[in-house]
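Residue numbers for the first sequence follow the numbering used here, so the first one is 11 and each next one is one higher. Every residue, glycine too, gets a C-beta built ideally from N, C-alpha and C.
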Amino acid sequence: MPETTNPLADLRGAVADAARELSGGDSRGSAPSFDRPPRPDFGDYSSNAALLVAGSLGEPPRAVAERLGALVRERLGSAVERVDVAGPGFLNLFMSDEWCRRVLSAALAAGETYGGGMVDRPERVLVEFVSANPTGPMHIGHARHAAYGDSLCRVLEFAGHEVEREFYVNDYGSQVRRFGESIRARARGEEPPEDGYRGEYVRELAERLPGAAERDVDELAEEGVRLMLEGMQRSLERFRVRFDRFFSERELHGREAVRHALDVLEEREHVYPHDGAVWLRSSTFGDDKDRVLIRSNGDWTYFAADIAYHDHKLERGYDRVIDVLGADHHGYVGRMQAAWQALGGKPGSLEIVIMQLVHLTERGQRAQMSKRQGEFVTLDDLVDDIGVDAARFFLLERSHDTPLDLDLARAREQSQENPVYYVQYAHARIASILRKAGEERVAEALSADWGERLHPSARALLKRLLELPEEVEQAAARRAPHRLTAYAHETAQSFSAFYRDCRVLGAAEEGGDEDFRIALSLLAKRVLARSLDLLGVEAPEQM
RNA sequence: GCGCCCGUAGCUCAGUGGAUAGAGCGCUGCCCUCCGGAGGCAGAAGUCGCAGGUUCGAAUCCUGCCGGGCGCGCCA
């Protein structure tokens, strides 16, 4: 069996093929499992294929497993040392050292692309995230959105999708006008209006805008928004978050896009007048109730503008549109999904990801989020405090749908207590070993004919490294970049164990193959670097 | 009241049908003639919220209940 850049997928395929052969081409039911068993005496990999086939064949699972095991052995040849039948009928595969050497070679041959491009059907994807109001600074919650959205995009891209990143700018409507009023009030040395913006940054804006005390409110608002956006872009850039487009709500209105969206909905007969207002019949598409688009006073609702934005997204022809929104918006999911379908969007092609809240803690104690009224711990404050690497890693450590406690004390720590440093340290340590070996020596090692008989720690490390393609695929498919924090940490641990048990330079002294161990270290370095890159965290050559 | 999310070790959480449920932190006890000790090893620690059900097999799927978070405007 020739090795590709995803050896695990090859093995999985071989088992699945054998199972299909045994069941006479019957490929109904779920795909056979293929995982790392919980105990070493269960082999390197195990599958429940026989249990599934036995079900459709109506035969005793263990007997089926024996036959299937023989087929798998035949297909895999020298790749496999032996195939055991265990428990109720699991197949346990014990891979040969020869297979280990072959797959290491194949993974290294893939170079920087190793682990990527595994997606079956590449899609054109639009991801909208952060979309912070330009009337205030970005706080800790936006930091989580930024880390998540950016990392998700990196993962989707690496997995093989074509991704566009978009930030929606709410630069229209009454809150923007209030923003302008607040700036002018500060410029005049007055208090902002009751429902205005009271933060210190408003005072600073007022100082930066010459003649603000006498200027038109809308003009001030526009200028203020522009300055705020510039600041946000700087902060995001520093946080290593890039956007392809800042999409202005104001331009949307300027382009009559809301009118257009309403025309589309009217044409599709999903709107109706009632009580002097115009409604969307969103209940047709699963929403709790119908929603107002035009109020009885003639104003568009916010929802109408959002529909226009999504109408625009729809017309741009993406295969998939992902909105990353805050927990406070989840009441809005049902109606937006309904509107999407009313506009003619395919059900399922719009995904709305809801982010849960972030709490800051210091050694477990809840840290104060709001310093004074109108002032928050901002993205910049966070980065100043713990740095980009720690901030991104910690913000990505948890699934997006679970609230996150970020322990600032732990994040500041530069020791094993801190998973970021632990992973980066492992990377730097490998870099140090390879540096010591020298470029020529490394190149030579890669093309050598390896004879290594693998130590269990080397085998465990290699198996860990082979999981990268599926980790990336899963992280992409499940919109779950947080999986990679765990994977990076586990990989660093596996390397540390290998480092402890197997000398790399001078391996011959203990009967090892230095060439093989250099090669394995190099793959470990690449996998760590790739995992960190997908998280937006740096992989230092030295620390 | 309705809807969504969550309930797994002391704490924070992984784990969307497989074998004896994992990790980090914390705790206890160890390890520096060694390529980076910014490291490593071992140990204690769990009725996977509760009760039924489906399945050869459930933390995972279904139903009900309990507990927590958030959301339910002709606001944005």
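In this structure, Gly-121 sits away from Ala-169, with a CB-CB distance that is not shorter than 9 Å. By the C-beta density criterion, Ala-453 is exposed, having fewer than 16 other C-beta atoms within 10 angstroms. Annotated as proximal: Arg-260 and Asp-181, with beta-carbon spacing under 9 Å.
At the C-beta level, Asp-333 and Val-363 come within 9 Å of one another. When the Cα atoms are used, Leu-290 and Val-482 turn out to be separated by approximately 40 Å.
Thr-388 sits in a strand when the DSSP states are folded into three classes.
Cβ contact annotation for Ser-541 (same chain, cutoff 7 Å, sequence separation greater than five): Leu-494, Tyr-497, Ala-498, Thr-501, in chain order. When the five nearest sequence neighbours on each side are left out, the beta carbons in the same chain lying within less than 7 Å of the beta carbon of Ala-223 are those of Arg-194, Ala-197, Arg-198, in order along the chain. The Cβ atoms of His-155 and Val-173 lie no closer than 9 Å to each other.
Assigned with DSSP and collapsed to three states, Tyr-182 falls in coil, not helix or strand. In this structure, Val-433 lies away from Leu-478, with their beta-carbon atoms at least 9 Å apart.
As for any beta strand (DSSP E) of minimum length 3 sitting wholly inside the region 150-218, the runs are 172-179, ordered along the chain. Under the rule that a run must span 4 or more residues, the alpha helix (DSSP H) segments found entirely inside the region 301-364 read 312-325, 343-352. By the Cβ criterion, the region 346-358 is in contact with the region 314-332, since at least three pairs of Cβ atoms, one from each stretch, lie closer than 8 Å. With contacts defined as CB atoms closer than 9 Å, Phe-526 and Ala-458 qualify as a contacting pair. In its chain, beyond the 5 residues on either side, no residue has a beta carbon closer than 6 Å to the beta carbon of Gly-221. Proximity to Leu-464 across Leu-62, Val-74, Asp-107, Pro-50 peaks at Asp-107, based on C-alpha coordinates. Judged by beta-carbon spacing, Glu-232 lies within the 9 Å limit of Gly-190, meaning their Cβ atoms are closer than that value.
The bridge partners DSSP lists for Ala-96 are Phe-100. Contact between the region 144-154 and the region 386-397 is present: three or more C-beta pairs spanning the two stretches fall below 8 Å. When the Cα atoms are used, His-322 and His-410 turn out to be separated by approximately 27 Å. For the pair of segments examined, the region 47-56 was found not to touch the region 73-86: the number of CB pairs separated by less than 8 Å stays below three. Of the candidates Leu-81, Ala-470, Asn-16, the residue whose Cα lies closest to the Cα of Ala-60 is Leu-81.
The region 433-505 contains no complete beta strand (DSSP E) run of 3 or more residues.
Spanning the alpha carbons of Leu-532 and Leu-262 requires a straight line of approximately 50 Å.
In this structure, the beta-carbon distance from Lys-535 to Leu-444 falls below 9 Å. Nearest Cα to Gln-484 within the set Leu-162, Thr-123, Ala-157: Leu-162. In this structure, the straight-line span from the alpha carbon of Arg-225 to that of Leu-219 is close to 10 Å. Given a length threshold of 4 residues, each whole run of the alpha helix (DSSP H) inside the region 214-249 is given here in chain order: 227-248. For Glu-229 and Tyr-178, the gap between their C-alpha atoms comes out near 21 Å.
Note that the C-beta distance between Glu-361 and Arg-489 is below 9 Å. Gly-522 is a Cβ neighbour of Glu-462, given a cutoff of 9 Å. If you ignore the 5 residues before and after Leu-472, its C-beta comes within less than 7 Å of the C-beta of Cys-110, Leu-114, Leu-530, all in its own chain and listed in chain order.
Ala-59 carries a helical assignment under DSSP once its states are collapsed to helix, strand and coil. One Cα belongs to Gly-296, the other to Val-343, and the distance between them is close to 11 Å.
According to the DSSP assignment, Asp-27 belongs to the alpha helix (DSSP H) that extends over 17-32.
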